[in-house]
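Protein chains in written order, with the numbering used here: chain A, 1 to 269; chain B, 1001 to 1170. Worksheet: the structure to be examined is printed underneath.
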Amino acid sequence: MKTLAKRLLIAAAVASLGVGAAHAHRAWFVPSSTIVSGENAWVTIDGAVSNNLFFPDHVPMQIASISITAPDGSAAKPENAMVGKYRTTFDLKLDQKGTYRIAQASTGLNASYKEGTETKRWRGSMADFVSQGIDKKPGVELTATSRRIETFVTNGAPTALKPAGKGLELAGATHPNDLYAGEEATFTMTQDGKPAANVEITLIQGGDRYRQEVGEVKLKTAADGTFKMKTANAGMYWLEAEATGTTTMEGKSIKSQAMYVAVLEVLPS
Amino acid sequence: MRKLLTLAVPVVAAGAAHAGTLEISVEIPKLTVSEYHRPYIAIWIEDASGKVAANLNVWYATKLDNDEGEKWLKDIRQWWRRTGRGLDLPIDGVSSPTKPPGKNVVKFDTSSGPIASLAPGDYKIIVEASREVGGKELVELPFKWAPGADATGSASGKEELGAISFKLTK
């Protein structure tokens, strides 16, 4: 472990600015409803990476990487899952009252290094970074990445979200299943569980296929990590947040790059 | 439609001999549509801050197997947001089957339940309708709840609700 940390420190020391974002297109989970009532509540959820929101036209989300957290914190299972050409679809039975969180979250390391005049890119775990000798490559640059794509579904009254504490996340004061057109909502972006300032946020309403302009709204978190959003129209929205900075791994500070997506439904007020 | 009306509230004392009545009439329009389902309707009293002061009635498909009718309660959107989502249904005296088109009159005893504990002030009676494969509509009847005389008020919906009126008698 000591060796690992030492090697990481060397790698971090030579790292310059972060590696370019590994994502293109837009990733999302869209539930058939974000609010449900009754004793036998189900929703069906589509997951895809697409150009248009929310029309599957590129690649499906991978079903194995999806985690569903029930209101009590336990893991819920996707049912009737099917991975199609363009989208993954699965059902969720909401046995508990409260808010379910449907997410694909991952963390990793991106490295780039020189091989002659060519720039090579590498992605993997910390253990692999060392065991594969990437840390010893010339001009190696290391960035810790985190990525979370999620949506929320509430059965009955909304319940507070328990933060995962890793990467970028959306937190209250407003609950993500309590959004109404024309009403201002206040959120906080957190990075590794702590309020994150200057996080760039993009908000786009679904159905961009039917508009000439995307109509994206750019927002930024304040010093205390909060931001406010208000939409004129009800509809399904795609919120993306990005942050670059530093994070701590194995006790050392290294570059970090975090990406977050939430699909939010705004109801008519 | 928005004029303030004065409602009388009987002095509520232990063992009060006279129980007041709040009578609300809700007209459900007859619609000529190929697929008709009776609307889900919620009736409640809202205080000046927008909070639910008294949950009066919710009409929905209460008799389906496995409480299947509760699945669509979320579509009575404002009611669901303000009170329904936090309730454990059905509720005696509040949950009631859907009603047919025409005039439907419901009566509430003002000396018991949530109405009895209303403080003097401005309120609204709200009637919200949501129809399967149909529209949604919300009608408000503002009033002042203060000691005084009997009171009445009326308003009208456009599509999913017809004439709505209330009458408070000592």
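Every residue, glycine too, gets a C-beta built ideally from N, C-alpha and C. Since the structure is predicted, the reported quantities are computational estimates derived from the model, not experimental observations.
Notebook entry, point to check: Got a sec: is the Cβ-Cβ distance from residue 270(A) to anything in chain B below 8 Å?
Noted result: Look at the range of chain A in this structure, 1 to 269, and you will see that residue 270(A) is not part of it.
### Query
Enumerated in chain order, which unbroken segments of the beta strand (DSSP E) with a length of 3 residues or greater are wholly contained in the segment 192 to 257 of chain A?
Counting whole runs of 3 or more residues, the segment 192 to 257 of chain A contains the beta strand (DSSP E) stretches 200 to 205, 217 to 220, 226 to 229 and 235 to 249.
Checklist line | C-beta neighbour in chain A for residue 1070(B), strict 8 Å | finding: Locating residue 1070(B) in the second sequence gives position 70, counting from the first residue. Answer yes: the Cβ-Cβ gap between residue 1070(B) and chain A drops below 8 Å somewhere.
Where residue 268(A) meets chain B, residues with beta-carbon distance less than 9 Å: Position 268 of the first sequence, counting from 1, holds the residue named residue 268(A). Correct list: 1077 and 1136.
Reference residue 72(A); option with closest CA among 90(A), 157(A) and 97(A): As a first step, residue 72(A) is located in the first sequence; it is residue number 72 there, counting from the start. It is 97(A) whose Cα lies nearest to the Cα of residue 72(A).
- Task: Tell me, please, which residues DSSP counts as bridged to residue 1067(B).
- Result: On the second sequence, residue 1067(B) is found 67 positions in, with the first residue counted as 1. Under DSSP, residue 1067(B) forms no beta bridge with any residue.
Task: Which residues DSSP lists as bridging residue 109(A), in chain order - done: Taking the first residue of the first sequence as 1, we reach residue 109(A) at position 109. Under DSSP, residue 109(A) takes part in a beta bridge, and its partners are 124(A) and 144(A).
Less than 8 Å between CB atoms is the rule here; does residue 1085(B) satisfy it with respect to chain A? Residue numbering aside, residue 1085(B) sits at position 85 when the second sequence is read from its first letter. At least one C-beta of chain A is nearer than 8 Å to the C-beta of residue 1085(B).
Helix, strand or coil for residue 129(A), going by three-state DSSP, please let me know. Taking the first residue of the first sequence as position 1, residue 129(A) is located at position 129. Of the three classes helix, strand and coil, the one that applies to residue 129(A) here is helix, per DSSP.
**OP:** Could you tell me which of 132(A), 161(A), 147(A) and 244(A) sits nearest to residue 28(A), measuring between CA atoms?
**Re:** The residue labelled residue 28(A) in the question sits at position 28 within the first sequence. Nearest in C-alpha terms to residue 28(A), of all of 132(A), 161(A), 147(A) and 244(A), is 147(A).
Residue 989(B) - partner residues in DSSP beta bridges
Because chain B in this structure spans residues 1001 to 1170, residue 989(B) falls outside the shown range and cannot be described.
Using the Cβ count rule (16 or more neighbours within 10 Å means buried), how would you classify residue 1173(B)? Because chain B spans 1001 through 1170 in this model, residue 1173(B) falls outside it and cannot be assessed.
**Prompt:** Who are the neighbours of residue 35(A) on chain B, taking C-beta pairs under 8 Å?
**Reply:** Start at 1 with the first residue of the first sequence, and residue 35(A) comes out as number 35. What residue 35(A) touches in chain B, judged by beta-carbon distance under 8 Å, is 1074, 1080 and 1085, going in chain order.
Checklist line | Cβ shell of residue 1075(B) (< 6 Å), same chain only, five flanking positions each side left out | finding: For the purposes of this step, residue 1075(B) is taken as residue 75 along the second sequence, with counting starting at 1. Contacts found: 1130.
Exercise for review: Using alpha carbons as the reference points, say which of 94(A), 224(A), 210(A) and 44(A) lies closest to residue 75(A).
Suggested key: Within the first sequence, the letter at position 75 stands for residue 75(A). Of the candidates 94(A), 224(A), 210(A) and 44(A), the one whose C-alpha sits nearest the C-alpha of residue 75(A) is 94(A).
Whose C-alpha, out of 1160(B), 1169(B) and 1165(B), is nearest the C-alpha of residue 1038(B)?
By 1-based counting over the second sequence, the position of residue 1038(B) is 38. Out of 1160(B), 1169(B) and 1165(B), 1160(B) has the C-alpha closest to the C-alpha of residue 1038(B).
*Is residue 1117(B) helix, strand or coil when you go by DSSP?*
Looking up residue 1117(B) in the second sequence gives position 117. DSSP places residue 1117(B) in the coil class of the three-state scheme, outside both helix and strand.
task = Note down, in chain order, each residue of its chain lying with its Cβ closer than 6 Å to the Cβ of residue 1104(B), except the 5 sequence neighbours on either side.
result = Along the second sequence, read from residue 1 onward, the residue named residue 1104(B) stands at position 104. Within the same chain, and ignoring the five residues on either side of residue 1104(B) in sequence, the residues whose Cβ sits closer than 6 Å to its Cβ are 1026.
query = Beta-carbon separation of residue 1077(B) and residue 179(A) under 8 Å?
reply = Residue 1077(B) sits at position 77 when you count from the first residue of the second sequence. Residue 179(A) sits at position 179 when you count from the first residue of the first sequence. Cβ atoms of residue 1077(B) and residue 179(A): not closer than 8 Å.
When you compare the CB positions of residue 206(A) and residue 238(A), do they come within less than 8 Å of one another, or not? Residue mapping note: residue 206(A) aligns to position 206 of the first sequence, counting from 1. Residue mapping note: residue 238(A) aligns to position 238 of the first sequence, counting from 1. The Cβ-Cβ distance between residue 206(A) and residue 238(A) falls below 8 Å.
Anything in the segment 135 to 161 of chain A with a Cβ closer than 7 Å to a Cβ of chain B? List those residues in chain order, please. Of all residues in the segment 135 to 161 of chain A, 156 and 157 have a Cβ within less than 7 Å of some Cβ in chain B.
Worksheet item: With DSSP run on the structure shown, which of helix, strand or coil describes residue 1025(B)?
Response: Residue 1025(B) sits at position 25 when you count from the first residue of the second sequence. When DSSP states are grouped into helix, strand and coil, residue 1025(B) belongs to the strand group.
#### Entry: residue 84(A) burial status per 10 Å Cβ neighbour count (16 or more: buried)
Position 84 of the first sequence, counted from the first residue, corresponds to residue 84(A). Exposed: under 16 other Cβ atoms inside 10 Å.
Q.
Quick check on the burial criterion: 16 or more other C-beta atoms within 10 angstroms. Buried or exposed for residue 153(A)?
A. Locating residue 153(A) in the first sequence gives position 153, where the first residue counts as 1. Burial call: buried.
Taking 8 Å as the threshold (C-beta atoms), are residue 245(A) and residue 190(A) in contact? What you label residue 190(A) is simply residue 190 of the first sequence in a count that begins at 1. What you label residue 245(A) is simply residue 245 of the first sequence in a count that begins at 1. Between residue 190(A) and residue 245(A), the C-beta spacing is not below 8 Å.
Within the segment 1033 to 1107 of chain B, note down every full beta strand (DSSP E) run reaching 3 residues or more, in order along the chain. If we require 3 residues or more, the beta strand (DSSP E) runs fully inside the segment 1033 to 1107 of chain B come out as 1040 to 1047 and 1052 to 1059.
Requested in this report: List the endpoints of the continuous beta strand (DSSP E) containing residue 63(A).
Outcome: By 1-based counting over the first sequence, the position of residue 63(A) is 63. Boundaries cannot be given for residue 63(A), as no beta strand (DSSP E) includes it and DSSP labels it neither H nor E.
Measuring CB to CB, does residue 1054(B) end up less than 8 Å from residue 1122(B)? Residue mapping note: residue 1054(B) aligns to position 54 of the second sequence, counting from 1. Residue mapping note: residue 1122(B) aligns to position 122 of the second sequence, counting from 1. A distance of 8 Å or more separates the beta carbons of residue 1054(B) and residue 1122(B).
**Item:** Nearest to residue 1132(B) (by Cα), restricted to the options 1033(B), 1020(B) and 1023(B)
**Value:** The residue you call residue 1132(B) lines up with position 132 of the second sequence. With distances taken between Cα atoms, residue 1132(B) lies closest to 1033(B).
message: Under 8 Å, with one C-beta from each stretch per pair, do the segment 1091 to 1111 of chain B and the segment 1050 to 1068 of chain B reach the 3-pair mark?
response: Pairwise C-beta distances place the segment 1091 to 1111 of chain B in contact with the segment 1050 to 1068 of chain B, as three or more of them are shorter than 8 Å.
Among 1137(B), 1141(B) and 1045(B), the one whose alpha carbon lies nearest that of residue 1029(B):
If you number the second sequence from 1, residue 1029(B) lands on position 29. Closest in alpha carbon position to residue 1029(B), among 1137(B), 1141(B) and 1045(B), is 1137(B).
*First through last residue of the beta strand (DSSP E) which encompasses residue 46(A)*: Here residue 46(A) corresponds to residue number 46 of the first sequence, with the count starting at 1. Per DSSP, residue 46(A) belongs to the beta strand (DSSP E) from 41 to 50.
| query | How would you list, in chain order, the residues of chain A whose beta-carbon sits under 7 Å from the beta-carbon of residue 1066(B)? | reply | Taking the second sequence and counting its residues from 1, the one referred to as residue 1066(B) is at position 66. Those are 39 and 40, listed as they occur along chain A.
Checklist entry - Measuring CA to CA, which of 142(A), 65(A) and 70(A) is closest to residue 110(A)? => result Here residue 110(A) refers to the residue found at position 110 of the first sequence. It is 142(A).
**Message:** Buried or exposed, going by whether 16 or more other CB atoms sit within 10 Å of the CB of residue 41(A)?
**Reply:** Working through the first sequence from its first residue, we reach residue 41(A) at position 41. Counting Cβ neighbours within 10 Å, residue 41(A) comes out buried, since at least 16 surround it.
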